[in-house]
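Enquirer:
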Amino acid sequence: MNKQIRKLVAGLLVLYIGLFAMLNVAQLVRKDALNANPLNNRQTIRDFNRMRGPIVTADGVVVARSVPTIGDDQFKYQREYPTGDLFSNVSGYYTYSFGSTQLEKTQGQVLMGDTTRQKFDSVLGGADNTGSVLLTLRDDLQRVAADALGEREGSVVVMDPASGAILAMVSFPRFDPNAVADHDTQYAEDVLTYLNAFPGKPLLANAYQENYMPGSSFKVITTGIAFENGVTNLDRSWPSESEWVPPQTTDPIQNYGGRACGGSMVEVFYRSCNIPFAQLASELGPQRMTDGVRAWGIGEPLPIDLPGAVASSFCGNVTPCDASYFNDQLPLLAIGGFGQGNDVMVPLHMCMVAATVANGGRMMQPYVTDATLKHDGTVLDRTDPTVWKTPISPGTAATLNTLMVGVVNRGTGTAMQLAGGIQAAAKTGTAQLNFVPGQPQRSHAWIIGFAPAEAPRYAVAVILKGTTDEVSASTGGKLAGPIAKTVLDFLFASEK
Amino acid sequence: MGQSSPIATARRNSELGLVVMAAGITAVAYVLASLGKNSQMPATIVPFLIALLGMLVATHIATRFLARGADSTLLPMAVLLNGIGYVMIARLNDERAAKQTTWTFVAVIAFVLTLLIVQRPPDLARYKWTFLFVGAGALMLPLVPGLGSSVGGARIWVSLGPINLQPGEFAKIALALFFAAYLADNRELIAAGTRRIGPLRIPELRYVLPITLAWAFAVAVMVAEKDLGSALLFFTLFTVMMWVATERAIYLVLGVVIFSVAAYIAWRLFPVVRLRVDVWLDPWAQYQGKGYQPAQAAFAFANGGFGGTGLGLGSPNKIPAASTDYVYAAIGEELGMVGATAVIIAFLLLMGAGLRIAIRADRPFEKLLATGLTTIVCMQAFIIIGGVLRLVPLTGITLPFVSYGGSSLLANYVLLALLLRVSDSGARRRGEVPDLLTIGERMEARRLRRGERQAGHA
Numbered sequence: 001m002n003k004q005i006r007k008l009v010a011g012l013l014v015l016y017i018g019l020f021a022m023l024n025v026a027q028l029v030r031k032d033a034l035n036a037n038p039l040n041n042r043q044t045i046r047d048f049n050r051m052r053g054p055i056v057t058a059d060g061v062v063v064a065r066s067v068p069t070i071g072d073d074q075f076k077y078q079r080e081y082p083t084g085d086l087f088s089n090v091s092g093y094y095t096y097s098f099g100s101t102q103l104e105k106t107q108g109q110v111l112m113g114d115t116t117r118q119k120f121d122s123v124l125g126g127a128d129n130t131g132s133v134l135l136t137l138r139d140d141l142q143r144v145a146a147d148a149l150g151e152r153e154g155s156v157v158v159m160d161p162a163s164g165a166i167l168a169m170v171s172f173p174r175f176d177p178n179a180v181a182d183h184d185t186q187y188a189e190d191v192l193t194y195l196n197a198f199p200g201k202p203l204l205a206n207a208y209q210e211n212y213m214p215g216s217s218f219k220v221i222t223t224g225i226a227f228e229n230g231v232t233n234l235d236r237s238w239p240s241e242s243e244w245v246p247p248q249t250t251d252p253i254q255n256y257g258g259r260a261c262g263g264s265m266v267e268v269f270y271r272s273c274n275i276p277f278a279q280l281a282s283e284l285g286p287q288r289m290t291d292g293v294r295a296w297g298i299g300e301p302l303p304i305d306l307p308g309a310v311a312s313s314f315c316g317n318v319t320p321c322d323a324s325y326f327n328d329q330l331p332l333l334a335i336g337g338f339g340q341g342n343d344v345m346v347p348l349h350m351c352m353v354a355a356t357v358a359n360g361g362r363m364m365q366p367y368v369t370d371a372t373l374k375h376d377g378t379v380l381d382r383t384d385p386t387v388w389k390t391p392i393s394p395g396t397a398a399t400l401n402t403l404m405v406g407v408v409n410r411g412t413g414t415a416m417q418l419a420g421g422i423q424a425a426a427k428t429g430t431a432q433l434n435f436v437p438g439q440p441q442r443s444h445a446w447i448i449g450f451a452p453a454e455a456p457r458y459a460v461a462v463i464l465k466g467t468t469d470e471v472s473a474s475t476g477g478k479l480a481g482p483i484a485k486t487v488l489d490f491l492f493a494s495e496k
Numbered sequence: 001m002g003q004s005s006p007i008a009t010a011r012r013n014s015e016l017g018l019v020v021m022a023a024g025i026t027a028v029a030y031v032l033a034s035l036g037k038n039s040q041m042p043a044t045i046v047p048f049l050i051a052l053l054g055m056l057v058a059t060h061i062a063t064r065f066l067a068r069g070a071d072s073t074l075l076p077m078a079v080l081l082n083g084i085g086y087v088m089i090a091r092l093n094d095e096r097a098a099k100q101t102t103w104t105f106v107a108v109i110a111f112v113l114t115l116l117i118v119q120r121p122p123d124l125a126r127y128k129w130t131f132l133f134v135g136a137g138a139l140m141l142p143l144v145p146g147l148g149s150s151v152g153g154a155r156i157w158v159s160l161g162p163i164n165l166q167p168g169e170f171a172k173i174a175l176a177l178f179f180a181a182y183l184a185d186n187r188e189l190i191a192a193g194t195r196r197i198g199p200l201r202i203p204e205l206r207y208v209l210p211i212t213l214a215w216a217f218a219v220a221v222m223v224a225e226k227d228l229g230s231a232l233l234f235f236t237l238f239t240v241m242m243w244v245a246t247e248r249a250i251y252l253v254l255g256v257v258i259f260s261v262a263a264y265i266a267w268r269l270f271p272v273v274r275l276r277v278d279v280w281l282d283p284w285a286q287y288q289g290k291g292y293q294p295a296q297a298a299f300a301f302a303n304g305g306f307g308g309t310g311l312g313l314g315s316p317n318k319i320p321a322a323s324t325d326y327v328y329a330a331i332g333e334e335l336g337m338v339g340a341t342a343v344i345i346a347f348l349l350l351m352g353a354g355l356r357i358a359i360r361a362d363r364p365f366e367k368l369l370a371t372g373l374t375t376i377v378c379m380q381a382f383i384i385i386g387g388v389l390r391l392v393p394l395t396g397i398t399l400p401f402v403s404y405g406g407s408s409l410l411a412n413y414v415l416l417a418l419l420l421r422v423s424d425s426g427a428r429r430r431g432e433v434p435d436l437l438t439i440g441e442r443m444e445a446r447r448l449r450r451g452e453r454q455a456g457h458a
């Protein structure tokens, strides 16, 4: 019988080796696939019982943090957002049942201490290996921008033109992530349902996840392309006309309000005549114009370090946006030259356009994460400023700078004349939206600019969406201009 | 402790050392689980340690006095598995932990009583028919109306007032005892055969009929109770014991063939069986139904990874049967592959010790009994671990010593005591320890002497 018993040992051993092999498959081989399975929320549960690092503004204000829960809670930590709705479009939210967004999503590993380096360091010593995210945004500036915007739908973006660092980025409407991060799943779901149905899309970061018709603020781009291609110069002038009929149509193009408008290059720019820029776009033609807007990054999702950034477009929803689209639609090309028709621009992108002029023609990659830090404050990773596009030469940039100074000093943007005699440069935009029968004419109010003009340190873009009569009845200069001025005045005042 | 023998002392001391280590691991794990779950020391730590040490000391003292020559690894392995299982149950469900504590006390008492009552293995062989009828009766109890009840589809419970029992757990041991005793008596007759059909020798019907009937009856009852795991275990036990006893591989082949045919027919005829196979192959397809539990178990293993989440830090509560059938997945999640492998190794060591006892035993009954009991523990562990890991389709059954469940714990401690008794008996016969009179025999001798004295006086 001993022979059989020895064989039995061998047989059972084989079965147990099978168990061990299967254990390897279950715990090592299939680990990543199973952890990534959407039905599997174990990782989330685990994360909610662990400390998670904070998100902090450049001026040291905590935007997001984890605090131990009190009383009877299913998790050990509650994520809270001490600044309420102010930074919701940058921090995003971190929820148990509904995932996470924005930096809470993209910097999750750093915040949880799950990067390889943090894990390695935590083995060497120190129990808390959570990381933190240091923003480029300033809490004080963000508050000023939010107050200036008030309860009008729109966005304000402020950035450092030389680096691409975003100093403020705020939209209205926005939301309070504290409500979404509530551990009561039913409550959080109700909040999300409400926010999703809310007009103005508060859950979307309007500043970089939406695009709007730019109106005359787009003329900075058209003028830049025209100078780069040599189809115009500062000596050129236009007769005062109220109508111009572009090729392939009998329908004339008019200036804003149907007025007669003309003059030198400087004058048509600060007066914001439409016809000269329609003509510049027509003279450039479909090929050079579409190549030109592509050089400004139009058509590509913005390379910001936040998820879900959208692209601006010169062709609306039509792809590919190239010369062939305009060859038999020259009137559309002409209208596009002054920011109407199929043009749509992301507010952040318009700020980058102003910053490009301010930065001698180099368009920097925008970013909100200055650095990621370990628990002890040492830097894990710091964002290096990177050039994204170089759409114009320094010479063209200097010319556009001059033109934009004219707007502030003598043109549509006088509302942006700054305190203390600091010279600003700007371009306004009043984008007349496509007329919907039965509704009043709607228009977005824009202003983009930078200051000081001679050595720019700040670039700004403001849009007020044309969802109200107040905005639609006014212009970019009158409505958006004061917001930009408030923000820039605050910035220069805070430097002293 | 009577006369000491170096081998017995060495064995008992190494057992004590290992038991203390197992107790230490359990105590540390208990504290860690509480820290992980509530970030505080368990409030019950002092009574827990006293109870734990009390029970361990009791089992160890029992072997020191009652089975001095027995193998020294069996008890520590059982204690370790019991400890790990208890920590997981306590971490999952306070109410169940309290009950498991009570059952562990009862199991330890049963362990000591078994060693005390069964002093010589041949005593057991004498009652083989009793065991057959007790085992068969126990198996049928859940089918008695008013007494038996179903939980989770399987009608394997008997309710006696506040106590719920699974008599099947005890029936397995009783039937293993019957098989061992019957085969020890008849194995040569069965093996020899009288007629030939081709290369096959057919044993005489009167020798194989009783055991075949007992086996067929037991398997039929288990299938009727929808206790497929037990049916599979019992089928394997019978096949292995027939093969070892007769030394004829044909019984192994026959077992595999019968099992395959039965499994195929069951798969064709019963939708329940087909559903189980489907869930085994792809639990995600039926995630909202029967696939939920295996899918959650797979997530648990993945979440654990190599090192585990740490005790109290995973989410094993998401598996509905985490403290019973799926306790292995809970261990895999919180103790990782390291801990799950340790459990496998503990069962391998139990297997090694158990079958070494079988090989060294010199009497067929003891050989077969040790083989059968070890096969029960190891195959039961394989069936449920393999099912939880989806190596084989899942058939619900407890993980010996680890799962929550009083009957299972009680039965396995009795089984352990029987194995130790066989081991001790072998050691006595080989002269490794002095074959002193057992307590029962000493009492008997005293009674006889007293009788003689009285006769002399008369």
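Going line by line, the protein sequences match chains A and B. Position 277 of the first sequence, counting from 1, maps to 277 under the numbering used here, and the rest follow consecutively. Position 144 of the second sequence, counting from 1, maps to 144 under the numbering used here, and the rest follow consecutively. C-beta: ideal position from N, C-alpha, C; glycine also.
Between which two residues does the alpha helix (DSSP H) harbouring residue 148 of chain A extend?
Expert: Residue 148 of chain A sits at position 148 when you count from the first residue of the first sequence. Where residue 148 of chain A is concerned, the enclosing alpha helix (DSSP H) stretches over 139–149.
Enquirer: Leaving aside the five residues before and after residue 280 of chain B along the sequence, list all residues of the same chain whose C-beta is less than 7 Å from its C-beta, in chain order.
Expert: Counting from 1 along the second sequence, the entry for residue 280 of chain B is found at position 280. Hits under 7 Å: 390, 393, 394.
Enquirer: Could you check which residue in B:407, B:312, B:239 has the C-alpha nearest to that of residue 35 of chain B?
Expert: Here the question's residue 35 of chain B lines up with position 35 in the second sequence. If we check each option's Cα against that of residue 35 of chain B, B:312 comes out closest.
Enquirer: Indicate the three-state DSSP secondary structure (helix, strand or coil) for residue 296 of chain A in the structure shown.
Expert: Here residue 296 of chain A refers to the residue found at position 296 of the first sequence. Correct three-state label for residue 296 of chain A: coil.
Enquirer: Any beta carbon from chain A within less than 7 Å of residue 357 of chain B's own beta carbon?
Expert: Within the second sequence, the letter at position 357 stands for residue 357 of chain B. False, the Cβ-Cβ gap to chain A never drops below 7 Å.
Enquirer: Looking at the structure shown, is residue 376 of chain A part of a helix, part of a strand, or coil, going by DSSP?
Expert: Mapped onto the first sequence, residue 376 of chain A falls at position 376. It is coil, neither helix nor strand.
Enquirer: Checking the sheet assignment: what are the DSSP bridge partners for residue 263 of chain A?
Expert: Taking the first residue of the first sequence as position 1, residue 263 of chain A is located at position 263. A:238.
Enquirer: By a C-beta neighbour count over all protein chains shown, 10 Å radius and 16 as the cutoff for buried, is residue 195 of chain B buried or exposed?
Expert: Locating residue 195 of chain B in the second sequence gives position 195, where the first residue counts as 1. Exposed: under 16 other Cβ atoms inside 10 Å.
Enquirer: Buried or exposed for residue 16 of chain A, going by 16 or more other Cβ atoms inside 10 Å?
Expert: Reading the first sequence from its first residue, position 16 is the one you call residue 16 of chain A. It is buried - the Cβ of residue 16 of chain A has at least 16 other Cβ atoms within 10 Å.
Enquirer: For residue 247 of chain B and chain A, any beta-carbon pair shorter than 7 Å?
Expert: By one-based count along the second sequence, residue 247 of chain B stands at place 247. It does: the Cβ of residue 247 of chain B has a partner Cβ on chain A nearer than 7 Å.
Enquirer: Which first and last residues belong to the beta strand (DSSP E) in which residue 458 of chain A is found?
Expert: Counting from 1 along the first sequence, the entry for residue 458 of chain A is found at position 458. Per DSSP, residue 458 of chain A is one residue of the beta strand (DSSP E) stretching across 458–464.
Enquirer: Interface residues of chain D around residue 391 of chain B at Cβ under 7 Å?
Expert: Here the protein chains are A and B, and chain D is not one of them.
Enquirer: So residue 419 of chain B packs on residue 357 of chain B, CB below 8 Å; how close in whole Å?
Expert: Translated into the one-based positions of the second sequence, residue 419 of chain B becomes position 419. Translated into the one-based positions of the second sequence, residue 357 of chain B becomes position 357. Contact holds; Cβ gap of about 6 Å.
Enquirer: Determine the closest residue to residue 386 of chain B out of A:2, A:9, A:22, with distance taken between C-alpha atoms.
Expert: For the purposes of this step, residue 386 of chain B is taken as residue 386 along the second sequence, with counting starting at 1. Among A:2, A:9, A:22, the Cα nearest to that of residue 386 of chain B is on A:22.
Enquirer: Measure the alpha-carbon distance for residue 397 of chain B versus residue 337 of chain B and round it to whole angstroms.
Expert: Position 397 of the second sequence holds residue 397 of chain B. Position 337 of the second sequence holds residue 337 of chain B. Going by C-alpha positions, residue 397 of chain B is about 22 Å away from residue 337 of chain B.
Enquirer: Looking at the structure shown, is residue 444 of chain A part of a helix, part of a strand, or coil, going by DSSP?
Expert: Counted from its first residue, the first sequence places residue 444 of chain A at position 444. Strand at residue 444 of chain A.
Enquirer: Determine contact between the segment 400–416 of chain A and the segment 239–253 of chain A, defined as no fewer than three beta-carbon pairs at a distance below 8 Å.
Expert: No, because fewer than three Cβ pairs between the segment 400–416 of chain A and the segment 239–253 of chain A fall closer than 8 Å, the two stretches do not touch.
Enquirer: For residue 94 of chain B, count neighbouring C-beta atoms within 10 Å of its own C-beta (all shown protein chains included) and say buried if the count is 16 or more, exposed if not.
Expert: Against the second sequence, residue 94 of chain B aligns to sequence position 94. Residue 94 of chain B should be labelled exposed.
Enquirer: CB-CB under 6 Å to residue 394 of chain A, same chain, minus the five flanking residues each way: which ones, in chain order?
Expert: Counting from one through the first sequence, the residue named residue 394 of chain A turns up at place 394. 360, 361, listed in sequence order.
Enquirer: Touching or not, the segment 375–392 of chain A and the segment 440–458 of chain A, by the rule of three or more beta carbon pairs under 8 Å?
Expert: In short, these stretches do not touch, since the Cβ pair count stays below three.
Enquirer: Which first and last residues belong to the alpha helix (DSSP H) in which residue 335 of chain B is found?
Expert: Taking the first residue of the second sequence as 1, we reach residue 335 of chain B at position 335. Its alpha helix (DSSP H) spans residues 327–360.
Enquirer: Determine the chain A residues that contact residue 172 of chain B at a beta-carbon separation under 9 Å, and present them in chain order.
Expert: Translated into the one-based positions of the second sequence, residue 172 of chain B becomes position 172. Within 9 Å Cβ-Cβ: nothing; residue 172 of chain B doesn't reach chain A, min ~17 Å.
Enquirer: In chain order, what are the residue ranges of uninterrupted alpha helix (DSSP H) at least 4 long that sit wholly in the segment 173–226 of chain B?
Expert: 205–224
Enquirer: DSSP puts residue 381 of chain B in a beta bridge; with which residues?
Expert: Along the second sequence, read from residue 1 onward, the residue named residue 381 of chain B stands at position 381. DSSP output for residue 381 of chain B lists no bridge partner at all.
Enquirer: Run through chain A and tell me which residues come within less than 8 Å of residue 332 of chain B, C-beta to C-beta.
Expert: The sequence position of residue 332 of chain B within the second sequence is 332, counting from 1. Within chain A, the residues near residue 332 of chain B are 23, 26, 27.
Enquirer: Going along the chain, which residues of the segment 284–314 of chain B sit with their C-beta nearer than 8 Å to a C-beta in chain A?
Expert: Among the residues of the segment 284–314 of chain B, those with a Cβ less than 8 Å away from any Cβ of chain A are 284, 287, 295, 298, 299, 300, 301, 302, 303, 304, 305, 306, 309, 313, 314, in the order of the chain.
Enquirer: Is the separation between the beta-carbon of residue 416 of chain A and that of residue 431 of chain A shorter than 7 Å?
Expert: Numbered from 1 along the first sequence, position 416 holds the residue referred to as residue 416 of chain A. Numbered from 1 along the first sequence, position 431 holds the residue referred to as residue 431 of chain A. No, the pair does not count as a contact, with Cβ atoms beyond the cut-off.
Enquirer: Under a Cβ-count criterion, where at least 16 other Cβ atoms within 10 Å of its own Cβ denotes burial, should residue 366 of chain B be classed as buried or exposed?
Expert: In the second sequence, residue 366 of chain B corresponds to position 366, counting from 1. Buried: at least 16 other Cβ atoms inside 10 Å.
Enquirer: Taking the alpha-carbon positions, what's the residue 301 of chain A to residue 349 of chain A distance?
Expert: Walking along the first sequence from the start, residue 301 of chain A turns up at place 301. Walking along the first sequence from the start, residue 349 of chain A turns up at place 349. Going by the C-alpha atoms only, they are around 10 Å apart.
Enquirer: Between the alpha carbons of residue 387 of chain A and residue 309 of chain B, how many angstroms are there, rounded?
Expert: The residue given as residue 387 of chain A occupies position 387 in the first sequence. The residue given as residue 309 of chain B occupies position 309 in the second sequence. Cα to Cα, the separation comes out at about 43 Å.
Enquirer: Measuring only the C-alpha atoms, how far is residue 81 of chain A from residue 341 of chain B?
Expert: Working through the first sequence from its first residue, we reach residue 81 of chain A at position 81. Working through the second sequence from its first residue, we reach residue 341 of chain B at position 341. If you take the alpha carbons of residue 81 of chain A and residue 341 of chain B, they lie about 43 Å apart.
Enquirer: When we look at the beta-carbon of residue 464 of chain B and count the other beta-carbons within 10 Å, is it buried (16 or more) or exposed?
Expert: A query on residue 464 of chain B cannot be resolved here, the shown segment of chain B reaching from 1 to 458 and no further.
Enquirer: Taking one C-beta from the segment 441–450 of chain B and one from the segment 79–91 of chain B each time, how about it: are there three or more such pairs within less than 8 Å?
Expert: The segment 441–450 of chain B, when compared against the segment 79–91 of chain B, does not touch it at the 8 Å Cβ threshold.
Enquirer: Would you decide whether residue 30 of chain B is buried or exposed? Buried here means 16 or more other CB atoms lie within 10 Å of its CB.
Expert: The residue labelled residue 30 of chain B in the question sits at position 30 within the second sequence. Burial call: buried.
Enquirer: Are the segment 479–490 of chain A and the segment 47–62 of chain B touching, with three or more C-beta to C-beta distances below 8 Å?
Expert: no
Enquirer: In chain order, what residues of the same chain have a beta carbon less than 7 Å from the beta carbon of residue 228 of chain B, not counting five sequence neighbours either side?
Expert: Your numbering for residue 228 of chain B matches position 228 in the second sequence. Within the same chain, residue 228 of chain B has close Cβ partners 395.
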